[in-house]
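**Q** So the protein lines, in turn, are chains A and B. Counting in full-length UniProt numbering, the first sequence runs from 1 upward without gaps. Counting in full-length UniProt numbering, the second sequence runs from 1 upward without gaps. Right, I'll just put the structure down here and ask away after.
Number of protein chains: 2
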Amino acid sequence: MAERTAPGGVQSVERVFDLLELITDAGGQMMLSELATASGLPGPTIHRLLRTLAAKGYVRQLANRRYALGPRLVRLGEGASQQMGAMARGELTRLVDQLGETANIAVIDSDMVLYVAQVASRHSMRMFTEAGRRAHMHDTGVGKAILAQLRDETVRAIVARAGMPTPTSRSIGNVDDLIAELHVIRERGYAVDDGEQEIGVRCFAMAVPNAPTPTAISVSGPVSRVDDSFAERAVPLLREAAESISRNVNLVSGG
Amino acid sequence: MAERTAPGGVQSVERVFDLLELITDAGGQMMLSELATASGLPGPTIHRLLRTLAAKGYVRQLANRRYALGPRLVRLGEGASQQMGAMARGELTRLVDQLGETANIAVIDSDMVLYVAQVASRHSMRMFTEAGRRAHMHDTGVGKAILAQLRDETVRAIVARAGMPTPTSRSIGNVDDLIAELHVIRERGYAVDDGEQEIGVRCFAMAVPNAPTPTAISVSGPVSRVDDSFAERAVPLLREAAESISRNVNLVSGG
DNA sequence: AGATAACTTCCATAATGTGGAATATCTGAA
DNA sequence: TTCAGATATTCCACATTATGGAAGTTATCT
Numbered sequence: 001m002a003e004r005t006a007p008g009g010v011q012s013v014e015r016v017f018d019l020l021e022l023i024t025d026a027g028g029q030m031m032l033s034e035l036a037t038a039s040g041l042p043g044p045t046i047h048r049l050l051r052t053l054a055a056k057g058y059v060r061q062l063a064n065r066r067y068a069l070g071p072r073l074v075r076l077g078e079g080a081s082q083q084m085g086a087m088a089r090g091e092l093t094r095l096v097d098q099l100g101e102t103a104n105i106a107v108i109d110s111d112m113v114l115y116v117a118q119v120a121s122r123h124s125m126r127m128f129t130e131a132g133r134r135a136h137m138h139d140t141g142v143g144k145a146i147l148a149q150l151r152d153e154t155v156r157a158i159v160a161r162a163g164m165p166t167p168t169s170r171s172i173g174n175v176d177d178l179i180a181e182l183h184v185i186r187e188r189g190y191a192v193d194d195g196e197q198e199i200g201v202r203c204f205a206m207a208v209p210n211a212p213t214p215t216a217i218s219v220s221g222p223v224s225r226v227d228d229s230f231a232e233r234a235v236p237l238l239r240e241a242a243e244s245i246s247r248n249v250n251l252v253s254g255g
Numbered sequence: 001m002a003e004r005t006a007p008g009g010v011q012s013v014e015r016v017f018d019l020l021e022l023i024t025d026a027g028g029q030m031m032l033s034e035l036a037t038a039s040g041l042p043g044p045t046i047h048r049l050l051r052t053l054a055a056k057g058y059v060r061q062l063a064n065r066r067y068a069l070g071p072r073l074v075r076l077g078e079g080a081s082q083q084m085g086a087m088a089r090g091e092l093t094r095l096v097d098q099l100g101e102t103a104n105i106a107v108i109d110s111d112m113v114l115y116v117a118q119v120a121s122r123h124s125m126r127m128f129t130e131a132g133r134r135a136h137m138h139d140t141g142v143g144k145a146i147l148a149q150l151r152d153e154t155v156r157a158i159v160a161r162a163g164m165p166t167p168t169s170r171s172i173g174n175v176d177d178l179i180a181e182l183h184v185i186r187e188r189g190y191a192v193d194d195g196e197q198e199i200g201v202r203c204f205a206m207a208v209p210n211a212p213t214p215t216a217i218s219v220s221g222p223v224s225r226v227d228d229s230f231a232e233r234a235v236p237l238l239r240e241a242a243e244s245i246s247r248n249v250n251l252v253s254g255g
């Protein structure tokens, strides 16, 4: 019809993943009628698609007829996580060894950042950002590092869709301030999150150059440990790590 | 063609998930030609399917043209994992109320156990197994409960791939001892981990029957509290919980 | 460099997926 | 309990959609 069709895209495959994303957005389970209104697809079509997924275990139908994400997705997700992690884990571990703070790798995922892997520091006081967690872009180090690689108008579109909540008094609350901050990040080569997501937590982040999906890595910890002298040591190590990961992601890496 | 067609199944959807599973089995990345021989599908068909996935971020194409699992799968997997947890949380909470010790649910995930959800006891001294954590199978209660449901040769293959580290002096260190232990577990109906992962921690575990992915639940705590009289109370409650979760997880077709 | 293997694009074909209409099932009200 | 309204599922005629052989590209090996 009037809808734009992606070239070479297989319709039913696109639809089935749209449905899975909708269910995920809704917290893991949905009624068929809800999916119909959310997706705009006719009931029988959705039913047939979900039936196919259910037969393979990617979706489960509950007793109340609702459809829920199925256990087989866990394995695929874990595999994808390991895949990204395999390319980055060595470098993240090295960062943790060298700096003693928690290291993360995150990618952009529909207007937010998705934490793909984490190597935790051995300190008892540390962040709990689990792999698979999503966060806003404007108030995280990795998010700002990624945004700094995009064009300003793209950034505006992203925050318009995702919103700009201000979890702390230091969070950036409007687009123009964010754009200004991104200019600083581009000059400087790395992003800083100084208590923008949580007071007392500071984070240094850097984009992974030429990644297929915009990607960034970070080290973060309490301000008491993550100070100016930490930054001096961290920035060159972050750069090394980002470049090394870039090489891994783009070239072959047996793991 | 003369092939059997699944009733109501959407071909391209089935194929696309078969491909994702193949890539996962192969460790996260594969060449198109490898997929062609493994799946029996013609090259152009695979290419079109993967291109659709790649456009949405469920697969990434590396510089050497190999296809790897993409970052968007991470989020779906995480959602599915939480979903499993949601179905079990009520039962786990009841176990904690009844027994006063921490309850876990875990699934098998590429030769290891993946802790999907945990309800912690109120005791200050307790286990710290976080949801999302993976552990070996041979030295955990949930792992052994799951292995006891599999055929011996499958068990041998799993431990051959995953290895059998012995974190404590009580850990099982060779396959034959493990197989013997699994026979005991099958007879008895539940698994015990008595300090095999950490000295002083005891755990009772039971498989969730007929789960789509092999699954088990457990209660664990310090030996001082988790003794014989605890076992007497725990085992019937574990069985009830496992059966209840089984009913939740499997689609209740009879109403 | 040339040869070989692997990947990608093209396009005629019909098999495949589609969705409106009909039917079955569930949920809540009286 | 029975009934009405909402929701899910099955059916099936139709053409849109996916298919895969053949041809064209691009990488890798010798």
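Heads up, the beta-carbon is just placed ideally off N, CA and C, and yes, glycines get one too.
For Ala205 (chain A), which residues does DSSP report across the bridge?
**A** Paired residues: A:Ala191 and A:Ser218.
**Q** Within 10 angstroms of the Cβ of Ser81 (chain B), are there 16 or more other Cβ atoms? Answer buried if so, exposed if not.
**A** Ser81 (chain B) should be labelled buried.
**Q** Quick check on DSSP: helix, strand or coil for Val16 (chain A)?
**A** Here Val16 (chain A) sits in helix by DSSP.
**Q** May I have a chain-ordered list of the beta strand (DSSP E) segments no shorter than 3 residues that lie completely inside the region 48-124 of chain B?
**A** If we require 3 residues or more, the beta strand (DSSP E) runs fully inside the region 48-124 of chain B come out as 59-61, 67-69, 102-109 and 112-119.
**Q** Assess contact between the region 214-224 of chain B and the region 175-189 of chain B, defined as three or more Cβ pairs (one per stretch) separated by less than 8 Å. Is contact present?
**A** With the cut-off at 8 Å, the region 214-224 of chain B and the region 175-189 of chain B do not touch.
**Q** Under the DSSP definition of a beta bridge, which residues are partnered with Arg134 (chain A)?
**A** Answer is A:Leu114, bridged to Arg134 (chain A).
**Q** Answer yes or no: does any C-beta atom of chain B fall closer than 8 Å to that of Ala68 (chain A)?
**A** True, the Cβ-Cβ gap to chain B drops below 8 Å.
**Q** Is Arg134 (chain A) close to chain B, meaning its C-beta is less than 8 Å from at least one C-beta of that chain?
**A** True, the Cβ-Cβ gap to chain B drops below 8 Å.
**Q** Less than 8 Å between the beta carbons of Ser218 (chain B) and Val201 (chain B), yes or no?
**A** The answer is no: Cβ separation not under 8 Å.
**Q** Got a sec, what are the start and stop residues for the alpha helix (DSSP H) Asp152 (chain B) sits in?
**A** That run of the alpha helix (DSSP H) goes Asp152 to Ala162.
**Q** Is there a Cβ of chain B sitting closer than 8 Å to that of Asp111 (chain A), yes or no?
**A** With 8 Å as the cut-off, Asp111 (chain A) does not count as an interface residue toward chain B.
**Q** Check the C-beta distance from Leu92 (chain A) over to Val74 (chain B) and give it rounded, since I have them as a contact under 8 Å.
**A** Actually they are not in contact, since the Cβ atoms of Leu92 (chain A) and Val74 (chain B) sit about 16 Å apart, beyond 8 Å.
**Q** With DSSP as the reference, label residue 289 (chain B) as helix, strand or coil.
**A** Nothing can be reported for residue 289 (chain B), as the shown portion of chain B is limited to 1 through 255.
**Q** Among B:Gln83, B:Lys56, B:Val13 and B:Thr140, which residue has its Cα nearest to the Cα of Thr168 (chain B)?
**A** The shortest C-alpha separation from Thr168 (chain B) is found at B:Thr140.
**Q** Whole angstroms are fine: how far does the CA of Arg239 (chain A) sit from the CA of Ile185 (chain A)?
**A** Rounded to the nearest angstrom, the two C-alpha atoms are 14 Å apart.
**Q** How long is the line joining the alpha carbons of residue 256 (chain B) and Val208 (chain A), rounded to whole angstroms?
**A** With chain B covering 1 to 255 only, the question about residue 256 (chain B) has no answer from this structure.
**Q** Below 8 Å on the Cβ atoms is my contact criterion, and I expect Ala68 (chain A) with Gly43 (chain A) to pass it. Report the Cβ-Cβ distance as a whole number of Å.
**A** Incorrect: roughly 18 Å between the Cβ atoms, too far for contact.
**Q** Kindly list the residues whose CB is nearer than 7 Å to the CB of His136 (chain A), restricted to its own chain and excluding five residues on each side of it in sequence; keep chain order.
**A** These residues qualify, in order along the chain: Met112, Gly143, Ala162 and Pro165.
**Q** Going along the region 75-109 of chain A in order, which residues come within less than 8 Å of chain B, judged by CB to CB distance?
**A** Against chain B - using a Cβ distance shorter than 8 Å - the residues of the region 75-109 of chain A are Arg75, Leu76, Gly77, Glu78, Gly79, Ala80, Ser81, Gln82, Gln83, Met84, Ala86, Val107 and Asp109.
**Q** Using the beta-carbon count (16 or more within 10 Å), is Asp227 (chain A) buried or exposed?
**A** Per the 10 Å Cβ criterion, exposed.
**Q** Since Leu95 (chain B) contacts Ala106 (chain B) with CB under 8 Å, what's their CB separation in whole angstroms?
**A** Between Ala106 (chain B) and Leu95 (chain B) the Cβ distance is about 14 Å, and since that is not below 8 Å, they are no contact.
**Q** Answer with yes or no whether the minimum CB distance from Ser12 (chain A) to chain B is below 8 Å.
**A** So, interface residue.
**Q** Using the beta-carbon of each residue, which ones in chain A are nearer than 7 Å to Arg72 (chain B)?
**A** Per Cβ cutoff of 7 Å: Asp109.
**Q** Using a Cβ-Cβ cutoff of less than 6 Å, which residues in the same chain neighbour Ala148 (chain A) once the five nearest sequence positions on both sides are dropped?
**A** So the list reads Leu182, Ile185 and Arg186, once near-sequence residues are dropped.
**Q** Whose C-beta lies closer than 8 Å to the C-beta of Leu62 (chain A) among residues of the same chain, with five residues either side of it excluded?
**A** Hits under 8 Å: Gln29 and Ala68.
**Q** At 7 Å on the CB atoms, spell out the chain A contacts of Arg161 (chain B), in chain order.
**A** Correct list: empty, because the minimum Cβ distance to chain A is about 14 Å.
**Q** Roughly how many whole angstroms lie between the Cα atoms of Ile51 (chain A) and Gly85 (chain B)?
**A** Per the sequence shown, the amino acid found at residue 51 (chain A) is Arg instead of Ile. Distance between the alpha carbons of Arg51 (chain A) and Gly85 (chain B): 23 Å.
**Q** Which word fits Ser224 (chain B), buried or exposed, when buried means at least 16 other C-beta atoms lie within 10 angstroms of its C-beta?
**A** Exposed: under 16 other Cβ atoms inside 10 Å.
**Q** Roughly how many angstroms separate the alpha carbons of Ser244 (chain A) and Phe204 (chain B), rounded to a whole number?
**A** Cα to Cα, Ser244 (chain A) sits roughly 45 Å from Phe204 (chain B).
**Q** For Gly173 (chain B), count neighbouring Cβ atoms within 10 angstroms of its own Cβ and tell me buried if that reaches 16, exposed if not.
**A** By the 10 Å Cβ count, Gly173 (chain B) comes out exposed.
**Q** Closest by CA to Ala38 (chain B), which one among B:Leu49, B:Arg48, B:Ile23 and B:His47?
**A** Minimum Cα distance to Ala38 (chain B) is reached at B:Ile23.
**Q** Check the DSSP bridge columns for Gln29 (chain A) and list the partner residues they point to.
**A** Bridge partners of Gln29 (chain A): A:Ala68.
**Q** When you compare each of A:Asp194, A:Leu20, A:Leu76 and A:Gln83 to Val59 (chain A) by their alpha carbons, which one comes out closest?
**A** With distances taken between Cα atoms, Val59 (chain A) lies closest to A:Leu20.
**Q** If you follow the alpha helix (DSSP H) that Gly141 (chain B) is in, where does it begin and where does it stop?
**A** Unbroken alpha helix (DSSP H) run through Gly141 (chain B): Gly141 to Leu147.
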